[in-house]
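A short write-up of the structure that comes next.
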Amino acid sequence: MFGRTKKRAAGPRTVTLIGKPGCHLCDDARAVIERVCAETGDVWEEKDITRDEELHRAYWEQIPVVLVDGEQHTFWRVDEARLRRELLAG
C-alpha cells in the first residue's frame, strides 16, 4: 500500500480462522495461527462454516480463510512469516 500507513490498534489483535471439520488445510492453518499468536500475544478464534450459513456462502471455496481484526489476510495456506509481520506491524 503506497502512501498509507496502518496503525496497530491498542491491545491484542484478533485472528479468525474460518474453516470446517475434516479440512487438512484448516488443521495446518490452525497450527500456524496458534504458534504465531502465542509468540505475539494476540488472540485467535475459530469459526466453522458448517454452522454459519453466511460464512459458508462467503468463504466455502476459499477455506481455510484467515482474518486479522475482521479483514481477510489470506486463504488456503497461511504463510507464518507474513502473518507474524502483519500482527507485529505498527
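Each residue of the sequence shown is one higher than the last, beginning at 175 in the numbering used here. From the three backbone atoms N, C-alpha and C, an ideal C-beta is built for every residue, glycine too.
Residue 233 and residue 261 have their C-alpha atoms spaced approximately 22 Å apart. Under the 10 Å beta carbon count, residue 226 is surrounded by fewer than 16 other beta carbons and is classified as exposed.
In the DSSP assignment, residue 214 falls outside any beta strand (DSSP E) and lies within the alpha helix (DSSP H) extending over 198-214. Between residue 206 and residue 254, the C-beta spacing is below 8 Å. If you draw a straight line from the Cα of residue 257 to the Cα of residue 249, it comes to about 12 Å.
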